[in-house]
Amino acid sequence: GAGVSQSPSNKVTEKGKDVELRCDPISGHTALYWYRQRLGQGLEFLIYFQGNSAPDKSGLPSDRFSAERTGESVSTLTIQRTQQEDSAVYLCASSRYPDTQYFGPGTRLTVL
Amino acid sequence: QKEVEQNSGPLSVPEGAIASLNCTYSDRGSQSFFWYRQYSGKSPELIMFIYSNGDKEDGRFTAQLNKASQYVSLLIRDSQPSDSATYLCAVSRGMSGAQKLVFGQGTRLTINP
Numbered sequence: 003g004a005g006v007s008q009s010p011s012n013k014v015t016e017k018g019k020d021v022e023l024r025c026d027p028i029s030g031h032t033a034l035y036w037y038r039q040r041l042g043q044g045l046e047f048l049i050y051f052q053g054n055s056a057p058d059k060s061g062l063p064s065d066r067f068s069a070e071r072t073g074e075s076v077s078t079l080t081i082q083r084t085q086q087e088d089s090a091v092y093l094c095a096s097s098r099y100p101d102t103q104y105f106g107p108g109t110r111l112t113v114l
Numbered sequence: 011q012k013e014v015e016q017n018s019g020p021l022s023v024p025e026g027a028i029a030s031l032n033c034t035y036s037d038r039g040s041q042s043f044f045w046y047r048q049y050s051g052k053s054p055e056l057i058m059f060i061y062s063n064g065d066k067e068d069g070r071f072t073a074q075l076n077k078a079s080q081y082v083s084l085l086i087r088d089s090q091p092s093d094s095a096t097y098l099c100a101v102s103r104g105m106s107g108a109q110k111l112v113f114g115q116g117t118r119l120t121i122n123p
């Protein structure tokens with residue numbers, strides 16, 4: 003079946019602009035996760051959804067970051083007033099609770 | 011101290027040999043342990059998960075867990091050049107990965123033909 007999909011695959015933006023990143027989880031997966039991976043680094047947890055509620059948003063780095071999810075479907079991660087340190091690959095994963103997490107291809111964000 | 015620590019490598023192993031990858035974690039409440047493989051420029055893919063102390067085998071891969079020592083390892087037997095990748099250790103407090111994963115920095119493995 004189809005895996006986790008993310009769009010866009012690449013996003014180049016100017017410092018100070020807002021960006022929206024989209025994630026479509028595997029059908030039937032109730033849990034959805036956002037992670038960030040800076041160049042040469044491991045993955046940092048950002049936020050987790052169970053259905054459309056977010057029990058754990060402890061990893062969001064600042065109030066410029068927000069995320070929402072519609073039901074058990076698509077999620078959007080929004081970064082306002084982007085900074086150069088926001089440049090990274092943003093990865094989305096989904097799981098059928100309780101089960102292991104499967105990752106999408108990621109969105110590479112470059113802030114100039 | 012980082013929550014999950016791995017030797018960043020690179021670890022170089024000859025083709026056909028056993029590659030041994032190690033990971034330690036600091037949170038004694040951790041319940042679930044995962045190994046992901048990540049090829050350059052690609053997203054992580056799940057290799058194995060383990061919940062109980064001891065060994066778990068799947069084909070050429072064996073995961074080992076020692077909760078008392080807070081240590082988890084991955085052995086790759088009969089290493090192939092296609093095993094060359096970065097291996098990420100991940101840990102979760104939830105059972106079956108239903109909560110956030112905390113990742114190590116990853117170990118870069120190179121299999122030499």
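So the protein lines, in turn, are chains A and B. Residues 3 to 114 in our numbering are what the first sequence lists, from first letter to last. Residues 11 to 123 in our numbering are what the second sequence lists, from first letter to last. The C-beta atom is built at its ideal place from N, Cα and C for all residues, glycine as well. Computed from a prediction, not measured in an experiment: that's the story for all the values here.
Where does residue i fall in DSSP's three states?
| i | result |
| --- | --- |
| Gln86 (chain A) | helix |
| Ser11 (chain A) | coil |
| Ser92 (chain B) | helix |
| Gln1 (chain A) | Lying before the first or after the last residue shown, residue 1 (chain A) is absent from chain A, which here runs from 3 to 114. |
| Ser42 (chain B) | strand |
| Ser68 (chain A) | strand |
| Arg24 (chain A) | strand |
| Thr102 (chain A) | coil |
| Gly107 (chain B) | Low local confidence applies: a pLDDT of 49 at Gly107 (chain B) is under 50, so the model's placement there is unreliable, and no value is given. |
| Leu62 (chain A) | coil |
| Ile81 (chain A) | strand |
| Ala4 (chain A) | coil |
| Ser96 (chain A) | strand |
Taking the beta carbon of residue i as the centre, do at least 16 other beta carbons fall within 10 Å, making it buried, or is it exposed?
| i | result |
| --- | --- |
| Ile81 (chain A) | buried |
| Asp65 (chain B) | exposed |
| Gly107 (chain B) | Its pLDDT being 49, under 50, Gly107 (chain B) is placed unreliably by the model, and the measurement read from it follows with that caveat. Buried is the call here. |
| Gly30 (chain A) | exposed |
| Tyr35 (chain B) | buried |
| Ala129 (chain B) | Lying before the first or after the last residue shown, residue 129 (chain B) is absent from chain B, which here runs from 11 to 123. |
How far does the beta strand (DSSP E) with residue i in it reach, from first residue to last?
| i | result |
| --- | --- |
| Glu74 (chain A) | Note, Glu74 (chain A): premise wrong, no beta strand (DSSP E); not H, not E. |
| Val101 (chain B) | 95-102 |
| Pro57 (chain A) | 55-58 |
| Thr120 (chain B) | 117-122 |
| Val23 (chain B) | 21-24 |
| Asn17 (chain B) | No beta strand (DSSP E) contains Asn17 (chain B), which DSSP labels as neither H nor E. |
| Thr112 (chain A) | 109-113 |
| Leu45 (chain A) | 45-52 |
| Ala29 (chain B) | 29-35 |
Is the beta carbon of residue i less than 8 Å from the beta carbon of residue j?
| i | j | result |
| --- | --- | --- |
| Ile60 (chain B) | Phe43 (chain B) | yes |
| Ile28 (chain A) | Gly61 (chain A) | no |
| Arg38 (chain A) | Leu48 (chain A) | yes |
| Tyr35 (chain A) | Gln86 (chain A) | no |
| Thr109 (chain A) | Gln8 (chain A) | yes |
| Ile57 (chain B) | Pro91 (chain B) | no |
| Ala100 (chain B) | Leu111 (chain B) | yes |
| Leu75 (chain B) | Ser30 (chain B) | no |
Open item on the list: Extract the residue ranges of the beta strand (DSSP E) inside the stretch 45-90 of chain B, only unbroken runs of 3 or more that lie entirely within it.
Closed with: 55-60, 64-68, 71-76, 81-86
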